[in-house]
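One structure is given below, encoded as structure tokens.
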DNA sequence: AATTAATGTAACATTCCTGTAACATTTTGC
DNA sequence: GCAAAATGTTACAGGAATGTTACATTAATT
């Protein structure tokens, strides 16, 4: 929450929010200028709030790069709906760029593909989900319980050792020497983690 | 599970749950007030349940500090998704505070790593758990009994001297001169503590 | 319906962590 | 200064944790 245009700019760059609701009528620096200056540096969704219908034309005409606009007075329901819709739209675009990397490994969530260097590695669903989760949280150690919850599903019921076997199969495909893994490593007594390149 | 607002308050403070699902329509004390009073004392994620769309505005307008809201009727899938998303968000914030430092020592709980300056120190599970506990309570002296309870587990049964040996192994790895420790120190007749830099 | 692939379970193998015990050293109390 | 208590130190065996493989079962495909 910012109470004037300059604070809005500062907060936007500092906090890197997922989405910005931007009023036009602001002290110090109006919404038009704030929007323009944010757009110069960031690719964050912006929804503009206008008090007067007359301003709508201006929002559209100036090609500010706002993703949507809402005219006052608006209901909470309406603004929430706009926010959701905007996030859904922008997430879609993100999906294509949902690529995780760690050293030689490159993972494309959308296409469900994993590459090691230029070579594609064929993975099954479980294997892919597991490596994707570890990659997304590279460096962090996860217990078998946590992995079952996150990868298999919170309501999955089964043996903890299932994780071990899936890890083994992953190593078979990913590691040069599955006996001495350099990607999917074990922290004895704790669980597994994906080692980041040093 | 609480069946009225006052019970909800009592339970929240007693049980310290990870997350609260809070209906608005409650006997004795409604959800708005429960939420407000919990927020005054605790920083627990709260998801509000509303029967009427009209209440949504109120939830948002009152700035109760609820983390999310769901309108009835909702599917199990939806509420689970909201819970997960909320927990993920709040956990993320925890991540950064998972790092403990004391002088040259830097410990990362999530990664289960300990650094002394820029050099990483390889620790076993017990060693890590022990130093993490001492670091989190730097300066405070703990008896062998207390350490067994906190680090080994309240239900652990074994020799008190086990602590000594683990401390010895830790010193071997952490101290420049394990014979004259400057980090993990002994308070004769009492126990061990981690000395804070002077 | 037959075949193939995916995945969980179980059983066996291996590693290396960790507690115990035994002895050494330091400190305390008298 | 001596005995006793507390702590330091070391070695080693047992076992818990993990690795590995095989097989059964389920799901997907032909």
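Residue numbers (this note's numbering), protein chains in the order written: chain S, 2 to 199; chain Z, 2 to 199.
For glycine and all other residues, C-beta sits at the position ideal for the given N, C-alpha and C.
Of the listed residues the options, nearest to residue i (C-alpha basis)
i, options, result
"residue 21/S", "114/S, 143/S and 66/S", "66/S"
"residue 176/Z", "188/Z, 163/Z and 196/Z", "196/Z"
"residue 113/S", "167/S, 168/S and 124/S", "124/S"
"residue 50/Z", "43/Z, 41/Z, 42/Z and 36/Z", "36/Z"
"residue 189/S", "143/S, 178/S, 150/S and 138/S", "143/S"
"residue 103/S", "4/S, 184/S, 10/S and 14/S", "184/S"
"residue 27/S", "8/S, 39/S, 178/S and 41/S", "8/S"
"residue 46/Z", "162/Z, 19/Z and 34/Z", "19/Z"
"residue 17/S", "40/S, 150/S and 118/S", "40/S"
"residue 146/S", "106/S, 135/S, 137/S and 162/S", "162/S"
"residue 126/Z", "115/S, 88/S and 193/S", "193/S"
"residue 43/S", "171/S, 134/S and 13/S", "13/S"
"residue 74/S", "88/S, 81/S and 53/S", "53/S"
"residue 105/S", "89/S, 164/S, 136/S and 155/S", "136/S"
Residues near residue i in its chain [Cβ-Cβ closer than 6 Å; skip 5 each side]
i, result
"residue 140/Z", "197"
"residue 15/S", "none"
"residue 24/S", "32 and 50"
"residue 151/Z", "134"
"residue 130/S", "152"
"residue 107/S", "116"
"residue 1/Z", "The question about residue 1/Z has no answer here: the residues shown for chain Z are numbered 2 through 199."
"residue 164/S", "145 and 148"
Own chain, CB closer than 7 Å to residue i, minus 5 neighbours either side, in chain order
i, result
"residue 97/S", "Legend: pLDDT at residue 97/S = 42, less than 50; position of this residue unreliable, no value from coordinates given."
"residue 2/Z", "none"
"residue 109/Z", "99 and 100"
"residue 38/Z", "10"
"residue 157/S", "149"
"residue 187/S", "193"
Terminal residues of the alpha helix (DSSP H) in which residue i lies
i, result
"residue 177/Z", "Residue 177/Z -> no alpha helix (DSSP H), and no H or E assigned at all."
"residue 116/Z", "From DSSP, residue 116/Z is part of no alpha helix (DSSP H) but of the beta strand (DSSP E) over 114-117."
"residue 126/S", "126-137"
"residue 39/S", "32-42"
"residue 148/S", "145-148"
"residue 200/S", "Residue 200/S is absent from the model: chain S starts at 2 and stops at 199."
"residue 12/Z", "6-16"
Residue i burial status per 10 Å Cβ neighbour count (16 or more: buried)
i, result
"residue 1/Z", "Residue 1/Z lies beyond the residue range present for chain Z, which begins at 2 and ends at 199; the question has no answer from this structure."
"residue 6/S", "buried"
"residue 166/Z", "exposed"
"residue 79/S", "exposed"
"residue 32/Z", "buried"
"residue 182/S", "buried"
"residue 180/Z", "exposed"
"residue 173/Z", "exposed"
"residue 133/Z", "buried"
"residue 29/Z", "exposed"
"residue 4/Z", "exposed"
"residue 199/S", "exposed"
"residue 118/S", "exposed"
Span of the beta strand (DSSP E), counted from its first residue to its last, around residue i
i, result
"residue 192/Z", "192-195"
"residue 120/S", "120-122"
"residue 49/S", "47-51"
"residue 155/S", "It is not in any beta strand (DSSP E) - residue 155/S carries neither H nor E in the DSSP assignment."
"residue 69/Z", "69-72"
"residue 24/S", "21-24"
"residue 106/S", "106-109"
"residue 101/Z", "100-103"
Residues near residue i in its chain [Cβ-Cβ closer than 8 Å; skip 5 each side]
i, result
"residue 83/Z", "48, 69 and 71"
"residue 159/Z", "149 and 153"
"residue 128/S", "167, 170, 171 and 174"
"residue 122/S", "115, 116, 174 and 175"
"residue 191/Z", "142 and 144"
"residue 86/Z", "69"
"residue 88/Z", "19, 20 and 46"
"residue 120/Z", "none"
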